[in-house]
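Since the structure comes first, as C-alpha cells, the remarks are kept for the end.
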Amino acid sequence: NAGVTQTPKFQVLKTGQSMTLQCAQDMNHEYMSWYRQDPGMGLRLIHYSVGAGITDQGEVPNGYNVSRSTTEDFPLRLLSAAPSQTSVYFCASSRTGGNSPLHFGNGTRLTVT
Amino acid sequence: QQQVKQSPQSLIVQKGGIPIINCAYENTAFDYFPWYQQFPGKGPALLIAIRPDVSEKKEGRFTISFNKSAKQFSLHIMDSQPGDSATYFCAAGLTGGGNKLTFGTGTQLKVEL
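Taken in order, these protein sequences are the chains called Z and E.
Per the numbering used here, the first sequence starts with residue -15, numbered consecutively.
Per the numbering used here, the second sequence starts with residue 109, numbered consecutively.
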C-alpha cells in the first residue's frame, strides 16, 4: 500500500518556468489537498478538493492551479514560477467527514532561482 | 493572519524529561484539535487529537491538555526518548468544514541522551 506518492522529490526551476507537481493516492480518499511548508510559517493550505471535478482555494492559492479529473490524482501546477514559491510542498489525502486524519506524502522540495 | 499560534519554536530536553508545546487559537468555532509529528524528509503524520468536550486525552506517552475558556491546548510528552526528536505541529479545524486544517508554525524538539 503506497499511500500518498509525490513526484518529483526535488526540483529546481528558473523564474518564469512552469511545472507540475504530481500527487497520487491509492486509498480511495475523496479529500485531497496541497500545503506548502516554510520555515517559521508552518503548513499553509494552497488548494483542496472534496472529490473528482471539485476544487477550491485555500489560504495561499495565488500562483497555483489545480485540477481533479480522477479520485486518485491531484496535480499542482505552477504557471510562472517565482522565487517566493521556493518551498517544500506536501500533498495530503483523507476520507471526508468525521475529522478523518490527513495522510501526507513525503513532499517535493522546490527551489526557484 | 495567524489563527493558531504555537510555541516554543524549538525545544531541547534530556531523555526522560517532559517537553511541553503550547498552542493558542482565535476562532471559537474550531472544534477539532490534532497534533501532527514530522520526521526529517517525511510528511507529517497524525499523533493525537482532541475535541473541546474533554479537557485531557492520553495516548501512550502523549497527552493533550485543552482549556476551552483560554482557547489554548498543549502537548505533553512523558518520559521523552531520543526517537521523539521531530517537528510537532498543532492544528485546528471545523467538523463539517471538510478536512481543512489551520496549522501552527511548528516546534522542533530534540531529546538528548
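No residue lacks a Cβ here, since even glycine has one placed at the ideal position from N, Cα and C.
{"Item": "Please classify E:N207 as buried or exposed, where buried requires at least 16 other C-beta atoms within 10 Å of its C-beta.", "Value": "buried"}
{"Item": "Suppose you measure from the CA of E:E220 to the CA of Z:Q21; what does that come to, to the nearest Å?", "Value": "26 Å"}
{"Item": "Measure the C-alpha to C-alpha separation of Z:S78 and Z:S33 and round it to an integer number of angstroms.", "Value": "11 Å"}
{"Item": "Starting from Z:V(-12) and walking both ways along the beta strand (DSSP E), at which residues does that stretch end?", "Value": "V(-12) to T(-9)"}
{"Item": "Excluding the five sequence neighbours on either side, which residues of its own chain have a C-beta within less than 8 Å of the C-beta of E:V162, listed in chain order?", "Value": "F174"}
{"Item": "Just the chain Z side, please: which residues come within less than 7 Å of E:K123 by C-beta, in chain order?", "Value": "Those within 7 Å of E:K123 in chain Z number zero; the least Cβ separation is about 27 Å."}
{"Item": "Using the beta-carbon of each residue, which ones in chain Z are nearer than 8 Å to E:K208?", "Value": "S17, L29, Y32 and G42"}
{"Item": "For E:E134, list the residues DSSP reports as bridge partners.", "Value": "Per DSSP, none; premise fails for E:E134."}
{"Item": "If contact means a Cβ-Cβ distance below 9 Å, which residues of the region 135 to 167 of chain E contact chain Z?", "Value": "D139, Y140, P142, Y144, Q146, G149, K150, G151, P152, A153, L154, A157 and R159"}
{"Item": "With a threshold of 8 Å, are at least 3 pairs of Cβ atoms found where one atom belongs to the region 42 to 61 of chain Z and the other to the region -13 to -5 of chain Z?", "Value": "no"}
{"Item": "Flag Z:S84 as yes if its beta-carbon sits less than 8 Å from any beta-carbon of chain E, otherwise no.", "Value": "yes"}
{"Item": "Assuming E:T215 and E:P148 make a contact with CB atoms under 8 Å, what is their CB distance in whole Å?", "Value": "About 14 Å; that fails the 8 Å criterion."}
{"Item": "From the DSSP output, in three-state form, read off Z:S68 for me.", "Value": "helix"}
{"Item": "Identify which residue in Z:M16, Z:P23, Z:D10 and Z:M11 has its Cα closest to the Cα of Z:Q41.", "Value": "Z:M16"}
{"Item": "Report back the beta-carbon spacing between E:L202 and E:Y140 to the nearest angstrom; my notes put them in contact at under 8 Å.", "Value": "7 Å"}
{"Item": "Which same chain residues end up closer than 7 Å to E:P192 when comparing Cβ atoms and leaving out the 5 residues on each side of it in sequence?", "Value": "Contrary to the premise, residue 192 of chain E reads as Asp rather than Pro in this sequence. Closer than 7 Å at the Cβ level, and outside the excluded window around E:D192, lie I185, L217 and V219."}
{"Item": "Quick one: what does DSSP say Z:D57 is sitting in, helix, strand or coil?", "Value": "strand"}
{"Item": "Tell me whether Z:P23 is buried or exposed, calling it buried when 16 or more other Cβ atoms sit within 10 Å of its Cβ.", "Value": "exposed"}
{"Item": "Provide the residue span of the beta strand (DSSP E) that contains Z:H13, from first to last.", "Value": "Taken as a continuous stretch (DSSP letters only), Z:H13 belongs to no beta strand (DSSP E), as it is neither H nor E."}
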